[in-house]
Amino acid sequence: MRVGERGRVQGFAEGGRAYRRKLLSMGLTPGVQFQVLRVAPLGDPVEVRVRGSNLSLRRDEAATLRVERLT
């Protein structure tokens with residue numbers, strides 16, 4: 001996703017158990033909406049706003065999320 005785009009967490013990818021608990025504790029639960037705020041020049045990390053908080057996610061952590069783009 002690109003800077004400024006919004007999305008909704010649909011769930012987690014298979015094999016992403018290592019990060020699932022961490023993402024859930026940060027508020028990235030199924031159904032929650034988020035906005036991409038910044039992406040580092042090489043694409044890692046990505047900063048998103050979730051529930052009024054800004055989170056920085058590494059590319060491999062973000063890849064475990066299944067998301068739906070919102071308009």
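In full-length UniProt numbering, the protein residues as written are 1 to 71. From the three backbone atoms N, C-alpha and C, an ideal C-beta is built for every residue, glycine too.
- Restricting attention to Leu24, Ala62, Glu47, Thr64, the CA atom closest to the CA of Ser56 is found in Glu47.
- Of all alpha-carbon atoms in Met26, Val3, Gly43, the one lying nearest the alpha-carbon of Gly52 is that of Met26.
- Among the bridge pairs identified by DSSP, Glu47 is matched with Arg38, Ser56.
- Taking a cut-off of 8 Å for Cβ pairs, the segment 36-50 and the segment 11-21 do not touch, as fewer than three such pairs fall below it.
- Nearest in C-alpha terms to Phe12, of all of Ala63, Thr71, Glu5, is Ala63.
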